[in-house]
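J.:
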Ligand SMILES: Cc1cc2nc3c(=O)[nH]c(=O)nc-3n(C[C@H](O)[C@H](O)[C@H](O)COP(=O)(O)OP(=O)(O)OC[C@H]3O[C@@H](n4cnc5c(N)ncnc54)[C@H](O)[C@@H]3O)c2cc1C
C-alpha cells in the first residue's frame, strides 16, 4: 500500500492534489491558519485540541530549528486567539535524530515561549530506540518547566516501570497503545494483551492524583475506563479522553455530551503523507474510503 500510494504521489500532481483533499479528513491542512480554523471549530463544539506540526526524523539542523520556530508561532496564535489547545511535539522533528542536545535546545525555545501562558507541551513517544532519550530530555525540561509530560505506549514491556515513576512524580501523562512496529522482546504483540496492559496502566495513572490523557478510539477500553472511574469516584474533570482528528468524530462528541473531556490531536503541515499512510493502514475501512474516492466513478 505504502509503495503504491508513494508512487502515485510522485508521479501525478493531479492525484497528489486529490490525495491531499482526502488526507484532510485526518489532517487540518498545511498552514497554521488551517490548524487554527479547525481548533476553533473543535472548541466551539466543546472539544479541546493538541496541535502537531507534522514532520519526523528530521536530519538537517535548519529544518529542526524551523520546526521549533513553527511551534513558537503556534504558541503565540493559540494565546492570541484564546484557543483551548496545547502542543504535541515529536522530538525527532526538532533534532533528536541528529543530536540530543540540539533537540533539547530547540525544545527550550518552545518552552520559553509557552511559559508565560503555562501552555502544556506533550512530548509524543516514537520508536522504542528513542524512549530513553525522550525521558532524559523530559527530565531536563521538567527541571525548568512543569507543564510538560510524556506519552506511555502500553505495548512496551517497560511501560509498567515507566508508569510507576510517572505516577509517583504526578507527571501528566498520555496513555496510548503504541503505533510503531516493535519486536517481541520490546513490545507485547497481541491486541488482547495490549488492551489488558493498557487498562492496568490506566488504573495506576488515574489513581495517581495527576491529570492524565487516555488516548484511544477503542470502545472496550473507553467503557472500561468509564466503569473504573465511576467505581473509584474519579470525576470526569480529573482526566481527559483523547482521539485523533477525523477518527470517530461522533464518539468524540457523544463523550463530551455525557460530561467527559475530549482532546483532539490535530496534525497539520506539508509533511502530511506519512501520517496519512499510518491512519490508512490502521483500518481497512480507511483504505477503502481512499481507493473509492481516488478511483471510484
Ligand atoms: C490522541 C492520540 C495521541 C497518540 N499519540 C501517540 C504517540 O505519541 N505515540 C504512539 O506510539 N502512538 C500514539 N497514538 C496512536 C496509538 O498508539 C494507536 O496506534 C492508535 O490510537 C490506535 O489504537 P486505538 O487504541 O485507538 O484503537 P485500535 O487498536 O485502532 O482499534 C481498536 C478497536 O477500537 C474500535 N475502533 C477504532 N476505530 C474505530 C472507528 N473508527 N469506528 C469504530 N470503532 C473503532 C474498534 O472496536 C477496534 O477494534 C496516539 C493516539 C491518539 C488517539
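Numbering (this note's numbering), first residue to last: 18 to 314.
The beta-carbon is built from N, C-alpha and C at its ideal position, and this holds for glycine as well.
Model, not experiment: these values are computed from the prediction.
#1: From the DSSP output, in three-state form, read off residue 188 for me.
#2: Does the separation of the CB atoms of residue 53 and residue 90 fall below 8 Å?
#3: Could you tell me whether the segment 61-77 touches the segment 27-42, where touching means 3 or more Cβ pairs closer than 8 Å?
#4: Given this structure, state the Cα-to-Cα distance separating residue 56 from residue 48, to the nearest angstrom.
#5: Beta strand (DSSP E) containing residue 86: first to last residue?
#6: Within the chosen definition, does the segment 110-120 reach the segment 73-83 through at least 3 CB pairs nearer than 8 Å?
#7: For residue 231 versus residue 192, is the C-beta spacing smaller than 8 Å?
#8: Using a threshold of 8 Å, state whether the C-beta atoms of residue 140 and residue 285 are closer than that.
#9: Can you list, in chain order, the residues of its chain whose CB lies under 8 Å from that of residue 176, leaving out five sequence neighbours each side?
#10: Taking the beta carbon of residue 314 as the centre, do at least 16 other beta carbons fall within 10 Å, making it buried, or is it exposed?
#11: Out of 100, 85 and 62, which one is the CA nearest neighbour of residue 50?
#12: Pick from 205, 249 and 200: whose alpha carbon is nearest that of residue 222?
#13: Kindly give me the distance between the Cβ atoms of residue 127 and residue 138, rounded to whole angstroms, as I take these residues to be in contact under 8 Å.
#14: Is it the case that the CB of residue 194 approaches a heavy atom of ligand 1 more closely than 7 Å?
#15: Using a 10 Å radius around the Cβ and a threshold of 16 neighbouring Cβ atoms, would you call residue 194 buried or exposed?
#16: Which two residues bound the contiguous beta strand (DSSP E) that contains residue 136?
#17: For residue 300, does the count of other Cβ atoms within 10 angstroms reach 16, so buried, or fall short, so exposed?
#18: If you reduce the DSSP assignment to three classes, tell me which class residue 272 lands in.
#19: By Cβ distance, which residues of its chain are closer than 7 Å to residue 242, with the 5 residues on each side in sequence left out?
#20: Which value, in whole angstroms, describes the spacing of the CA atoms of residue 134 and residue 42?
T.: This is what the structure gives:
#1: coil
#2: no
#3: no
#4: 13 Å
#5: Careful: residue 86 lies outside any beta strand (DSSP E), inside the alpha helix (DSSP H) at 78-97.
#6: yes
#7: yes
#8: no
#9: 169, 170, 214 and 218
#10: The predicted model places residue 314 with a pLDDT of 43, which falls under 50 and marks its position as unreliable; any figure quoted below should be read in that light. Flag for residue 314 reads exposed.
#11: 100
#12: 249
#13: 6 Å
#14: yes
#15: buried
#16: Note, residue 136: premise wrong, no beta strand (DSSP E); not H, not E.
#17: exposed
#18: helix
#19: 219 and 231
#20: 30 Å
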